[in-house]
Each structure stands twice: as C-alpha cells, then as structure tokens.
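S.K.: Numbering (our numbering), first residue to last: 30 to 647.
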Amino acid sequence: MKTLRTLLILSIISLFMFWAFATVEVQTTTPLVNPDGSSEIVGSLRFILSSPDFGDPNNTTDTDYYVLIRVQATGNAKFKNIGHWGPNDITPTSPIYIALEEDMNMQNITQDPTAVRIVRIDPNGGYFDILFTKNLYNRGTPSSVVNPGLSSNNRIRFTIGVPECAAPTADINSFTGATSTYTPPADPAGPTDLPDCGGHVGQQDTTICVDFTGTPGNGEFLGGFWSVGLVNYHSDANASLGASYNTNYQPANPALAQEGSANPCSLIPNWPGKGDCGSFGAENSAPSGKYCDCQPGGQGQGAYDPCDGGAVWGAIDFGTGHRFTVTEQCQSGFLFEDNGTIEVTLNDNGVTDTYLVNCGQAWLDGGGLTNPQSLSVSYPDDHTMDIDLGDVDENRTSPYCVSIDLCQIAFDCCGVRDYADDVAVTVNVDYLPPNYVCGARPAPITNWQVGTIIGCNKPVEPQSYYLVLYFPYFPPVNDPNLTWWCGLALANYAAQPTDGGVLYLYEQDGDAFTVDVPALPGHGMWVTLLDQLTLTPQGSDTTGGDEPMSGILFMQVTTPPYTVWTGTTYDDGSIAGIDAFILMGDNTQAYGYAARHLNSTAYYGSVTAPIWFKHANK
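(1) Take the Cβ of glycine 304 as the centre, count every other Cβ of all protein chains shown within 10 Å, and call the residue buried at 16 or more, exposed below.
(2) Going by beta-carbon coordinates alone, are histidine 113 and aspartate 234 separated by less than 8 Å?
(3) Tell me whether aspartate 91 sits in a helix, a strand or coil according to DSSP, three-state version.
(4) Starting from the Cα of glycine 389, find the closest Cα among Asp528, Ala106 and Ile345 and give me that residue.
(5) Cutting at 6 Å between CB atoms, please list the residues of its own chain near proline 504, excluding the five before and the five after it.
(6) Using three-state DSSP, classify serine 318 as helix, strand or coil.
(7) For the ligand SAH, is there any heavy atom lying closer than 7 Å to the beta carbon of alanine 391?
(8) Alpha carbon to alpha carbon, what distance is there between cysteine 194 and phenylalanine 20?
(9) Under 6 Å Cβ to Cβ from cysteine 226, same chain only, skipping five residues before and after it: list those, please.
(10) Just grab the DSSP bridge partners of glutamine 56 for me.
(11) Classify asparagine 202 as helix, strand or coil using the three-state DSSP reduction.
(12) In whole angstroms, what separates the C-alpha of leucine 559 from that of proline 566?
(13) Residues in the same chain with beta-carbon distance under 6 Å from glycine 369, minus the five sequence neighbours each way, listed in chain order, please.
(14) Are the C-beta of lysine 109 and some C-beta of chain C separated by less than 8 Å?
(15) Does the separation of the CB atoms of cysteine 359 and serine 68 fall below 8 Å?
(16) Can you find the residues in the same chain that come closer than 6 Å, C-beta to C-beta, to threonine 19, ignoring five residues on each side of it along the sequence?
(17) Answer with buried or exposed for asparagine 275, where buried requires no fewer than 16 other C-beta atoms within 10 angstroms of its C-beta.
(18) Does the distance from the CB of leucine 393 to the CB of tyrosine 262 come in under 8 Å?
(19) In chain order, what residues of the same chain lie with their CB nearer than 8 Å to the CB of isoleucine 416, ignoring the 5 residues before and after it?
(20) Output the distance between the C-alpha atoms of proline 577 and threonine 571, rounded to the nearest integer angstrom.
(21) Taking the runs of the beta strand (DSSP E) that are 3 residues or longer, which of them lie wholly in the region 391 to 467?
(22) Is it buried or exposed for proline 501, if we count other Cβ within 10 angstroms and need 16 for buried?
(23) In three-state DSSP terms, what is leucine 97?
(24) Since cysteine 238 sits in a beta bridge, which residues does DSSP pair it with?
(25) Between arginine 625 and the rest of its own chain, which residues show a CB-CB distance below 6 Å, the 5 nearest in sequence each way excluded?
(26) Starting from aspartate 346, follow its DSSP beta bridges and name the residues at the other end.
(27) Give the DSSP-derived three-state secondary structure of cysteine 194 in the structure shown.
(28) Report yes if the CB atom of tyrosine 278 is closer than 8 Å to the CB atom of glutamate 357, and no otherwise.
(29) Where does aspartate 158 sit, in a helix, a strand or coil, going by DSSP?
(30) Are the CB atoms of leucine 564 and leucine 534 nearer to each other than 8 Å?
(31) In terms of residue numbering, what span does the beta strand (DSSP E) encompassing arginine 149 cover?
(32) Residues in the same chain with beta-carbon distance under 7 Å from alanine 311, minus the five sequence neighbours each way, listed in chain order, please.
(33) I need the boundaries of the beta strand (DSSP E) containing tyrosine 126, first residue and last residue.
(34) Between threonine 242 and the rest of its own chain, which residues show a CB-CB distance below 6 Å, the 5 nearest in sequence each way excluded?
(35) I need the boundaries of the beta strand (DSSP E) containing isoleucine 371, first residue and last residue.
(36) Given a threshold of 16 other Cβ atoms within 10 Å of its Cβ, counted over all protein chains shown, does valine 497 qualify as buried or as exposed?
Below, the structure written as structure tokens:
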C-alpha cells in the first residue's frame, strides 16, 4: 500500500511537471548543403506555441516576462551571420525583430515589434540568442494581449531563417496589423528600419548562414542531417543569461540542413574574338591610354610643373573593340539568377587617382538568345560598376555570358609620370545572387587586366633597324673581255657608330650575291673597290661581277641613341643616316653617282630586298 501511494505521488508530480514543461512544436526546413562549405544557407526554424510556455503563472498582470532561447550549433559548425548581420552587428539594443503570427484562431496577437527578437550571435559562431519578452499568462486588453487562451486549437508562432518579407505571411500578423499603406513602427526597428512588404511591415532578412569547415570528415552531419540544440534561460531586457528554464521542444534537436554535394561554379573572363559569345562580331582586346602632358618643363613651359595645379587627367577609352565578357560555368546547371548582380570593381593599380566614368554598358548574351539584351548598369561609387542581370531563362540549355563595356577609365597622369614601366589597369569581378547574404558562389575574378597606362618615362628599348641605299648600276668588273673598274665610298654622317650591314648584288641575268659590310664609326667612311669584295653566291652561279649589276644596301643601326631616319635631309648628329658614292671607269671614260635613299621604316627589321628590285629573269 505504501508502494502504491508512492507511485501515485510520483505520478502526480510527473503530471505537474508535464504541465509545467509544456511542449513547443518546432518545424524546420532542411535544404541540401555542401558539408564542406564555408558559407551555406541552412533551413528555417519555426516555433509554434499552443500553451503559455514563456510566462509567469504567479503573475498574470505584468505583460513583460523574459525568456532567452539559445540556438546552439553542433559538430563544430559555426553560425556566421543572420541576414546581413554578423556578430558585431546584432546586440540587445540593436536586434533583429521577429513578428508573432497567428498560427490558428488568434485574431488579436500583440503588434509590439519587441515581443520576439534575435539579440546576439556568438563571436565564435557557437550559438545565437532569441529573446522572448512577453508574459504568455497575461490577460490584458486586446492592444497588449499575447495569450488570450493558447491551446491546441489556438496557437501562435514565430519564424526565423527566411528572407526579407517571407514572414509574416499576412497583414493581420504584421508588427502594425492590417494597414493599407506602410507605416514604420514607433519603436526602433533594429539595425535598419523594418521593410515595407507590400502594404504591411515585415521582418528583415533572417537567413541563417553556417560555416561547416570546422570538423574534418563531415562529422556534423549525423545520419545525413545537421541538427541544432535548443536551451532556455531566464533573462531580462538586456538579454542577460539567468538560470535555465525548462521547456519541452518537439523535436528536441531539430535538423536545419541535409548533407548534399558541392556544385562548383566559376566565372570565366575573356576578350572574345569574332563570333564568340558577346563579341557582337568584333575582335576585342584591352585598350591603353597615354597622357604625358603632366611632365614638368615641356616646350615653351620652362620649369613649370603642370602637376602643381592638381591632377592632370588622362583616360583609357573602351567601347566597340574593347568589350570583355564574363561567362557562367558550372559542373551542372547554371549560375546566374533573376536579378543577380555582376559587380566590377576597379583596383587602384598604384596610381594616385583612378575612377570609372559613369557611362558603361553591358549586355546579356548566349543562353540561346537570338540577340544580346541590354542590361541595367549602376555605379554605387566611382570604383564600382554593378550590372543587374534582370530576368534570366531558368530553362536555358547553354550558358550566359555578360558583355561589358567599361566606357572610360580616368586616371591622374601625375600619379604615373615617374613610372618607368607601363601600369596594368585591373578589375575584380564578382557575382552576387539576388539579396545575397550567404550561400556558395564562385570565387571572384581578381586582377583581370582591362587596360594599360603607358608609363610617361618609359625608356626606349634598344631596337635594331636598317638604313637602306639603292644602287641602280654597277659595271661588270669581273668580265675577262672588259676592263671596267668600280669604287664605292660609304659614309656615316651621324655622330654615332653603326652596326654592320649587308649589300645585295643582283646581276643582269638574275644571279644574286651578298657582301658583308663592316660597321662604321661616327662620321666614319668605308672605301673599297668592287672587284676586291668577297661575293657570297646565293644561287648556283659562283662567279660574281661578270655582268652588270644593281645593288641594295641594308645598314644596321640601334636606337637609342638614334632617331629612325625617314628621309630627313638635315643632320643634327642624332639622325641615323648613311650616304654612298659610286665611281666607275674603263680607263678611257669615267662617271659616278650618289646612291638613292629609301625610307628605312619600310624595311624595319628586314634585310629582304623588295620584290620590284628583283627584275631580272631569275
């Protein structure tokens, strides 16, 4: 009998404990996530209250009662942020406010935006805290009522882990109730004002972002699911942690994610050629800009430094022929979404001042489009160009590319005038899904070179080119039946020495020979007789000079210190140039002529005689 009485007492205690620890139903969504991902969006978390779980049964008059719900990460996973806010953004005085909603038969829920709020994220990512502020035992007037009688048929709820305006779902559940126009709540609304959600005040973005890289081997995903822990504490208006507060949750450890596989995507930049995606039928390449009027001195300026007055602006111009593309590439499926954003950011490149001129354009191409579609472009700042992808075809069978015309990049010449080398102008290109706060996305393109600023003091690299002389006639000095002789005087009229050269000789019948010509000192001369030269045959005829000949001389020079000679007749000591005189005779008669100059730039880097010179029959 004593045993039975003991069991009865224990049963009554258990019943009271059951009443005291009423059950809160927890509903979640469990999206597939990459178990190795560092920025994964997990599911939503909804609490359904059907009894006064968070209330003071000993005080039914006060409306305030503080219970803190701690949502704990498991398996060394880390909470990174909620919505757009991380650990440094969310505090008890700057929270994210959550709407209490009707779940069933509740028409007069409190519209106080402070009823439920997310008040902190652990700096180490181990948990985040939800503060519930209302006494569910309260039986106040309708304007402050929280619990006019919660039961299995009269329920309220609140939801986190959803995008902006996804909760509440109806005007009656709004922070301000059913209204025809948006009215911000009188109470402060957290990090930013609560949003206008089509006629009622809605929640801010509460997407939950998690880093799963903490445990090797995906140890967070037990049975393929990742769960969180729920622990309650007594608290106060400052979200202080008090004694534990017993609440039954069903399930006790709700799952928020399911183990999936990564779908790596990437952004591919290119300067497309004709016929490629985004090329518009043109060849495209990176442009360059040169603007050296910022150099001190200058013609007629004396010692004046134009940079004393501030910036001296130059520009790199884009447009047709200078459009680059960014193409989506995924292991499966496609990357770009409706209203996603391509963000182009100009790097400073070490230049004092550069900026994007607000005139760029962009087009969506590929993806089965018949014609490119113009896209909306905006400039959040002078280094950033945002491209709105607009509506995309989710059923496309080939990837999109975005063709980008930066229009113009301005730069301060004074910032590069002391640079000996060219300056590479680069951008970073990133893809931002719509309303992005978290989730796997491709690594940004970094330091993609879109242009070049040509250094103002860039030294002239030494280059070889040829000075060219044409000789219309040489006599046959090696004909046993004739007695012709011929002398050649070659003079360098510049102060700088030349390199060596080569003289091409072409006989009347087309046989060709070459003669190596020595280097000439500054203002030096080379005098020789034609029959004393070593003629190297260029064909089967090894006897040179037995027929009349013409010749062309290529004399090599190097710059600096020369300026390329282009036919100028004066000599200031730095213009590279040579002259030659031919004298010939047969012991009874003699005559001579000066060689003809040819424009040396026409034979830059070449010692091949022009085709019109080879006029003979071979």
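In this text, a Cβ means the ideal position worked out from N, Cα and C, and glycines have one as well.
M.R.: Working from what's here:
(1) With fewer than 16 other Cβ atoms within 10 Å, it is exposed.
(2) Annotated as proximal: histidine 113 and aspartate 234, with beta-carbon spacing under 8 Å.
(3) Aspartate 91 falls in the coil class under three-state DSSP.
(4) Considering only alpha carbons, the answer is Ile345.
(5) Answer for proline 504: Trp513, Cys515 and Met613, listed in chain order.
(6) Checking the displayed sequence, the identity of residue 318 turns out to be glycine instead of serine. Reduced to three states, the DSSP call for glycine 318 is strand.
(7) By its list of ligands, the structure shown contains no ligand whatsoever, and the ligand SAH lies outside what it can speak to.
(8) Because the chain is modelled from 30 through 647, residue 20 falls outside the range shown and cannot be assessed.
(9) Within the same chain, cysteine 226 has close Cβ partners Cys194.
(10) The beta-bridge partner set that DSSP reports for glutamine 56 consists of Arg75.
(11) The answer is helix: DSSP assigns asparagine 202 an H, G or I state.
(12) One C-alpha to the other measures close to 15 Å.
(13) Leu418, Pro462 and Pro463, listed in sequence order.
(14) Judged by its chain identifiers, the structure shown contains no chain C, having just a single protein chain.
(15) Cysteine 359 is not a Cβ neighbour of serine 68, given a cutoff of 8 Å.
(16) Beyond the ends of the chain as shown, which are 30 and 647, falls residue 19; an answer cannot be given.
(17) Around the beta carbon of asparagine 275, fewer than 16 other beta carbons sit within 10 angstroms, so the residue counts as exposed.
(18) The Cβ atoms of leucine 393 and tyrosine 262 lie no closer than 8 Å to each other.
(19) Within the same chain, and ignoring the five residues on either side of isoleucine 416 in sequence, the residues whose Cβ sits closer than 8 Å to its Cβ are Thr370, Ile371, Glu372, Val373, Ala391, Leu404, Ser405, Val406, Val431 and Ile433.
(20) One C-alpha to the other measures close to 15 Å.
(21) Secondary structure within the region 391 to 467: the beta strand (DSSP E) runs of 3 or more consecutive residues, fully enclosed, are 405 to 410, 413 to 417, 429 to 434, 437 to 441 and 452 to 461 (chain order).
(22) Exposed, because fewer than 16 other Cβ atoms sit within 10 Å of the Cβ of proline 501.
(23) In the displayed model, leucine 97 falls within a strand according to three-state DSSP.
(24) Its beta-bridge partners are Ile70 and Asn110.
(25) Excluding residues up to 5 positions away in sequence, Tyr499 lie with their Cβ nearer than 6 Å to the Cβ of arginine 625 in the same chain.
(26) In the DSSP output, where bridge partners are listed per residue, aspartate 346 has Gln437.
(27) Reduced to three states, the DSSP call for cysteine 194 is coil.
(28) Using a Cβ distance threshold of 8 Å, tyrosine 278 and glutamate 357 do not count as a contacting pair.
(29) Aspartate 158 falls in the strand class under three-state DSSP.
(30) Contact: yes.
(31) From DSSP, the beta strand (DSSP E) with arginine 149 extends over 145 to 150.
(32) The answer, listed in chain order, is Lys303, Thr349 and Gly350.
(33) 125 to 127 is the span of the beta strand (DSSP E), which, as asked, contains tyrosine 126.
(34) Around threonine 242: Ser67.
(35) Isoleucine 371 -> beta strand (DSSP E) spans 370 to 375.
(36) By the 16-neighbour rule on beta-carbons within 10 angstroms, valine 497 is buried.
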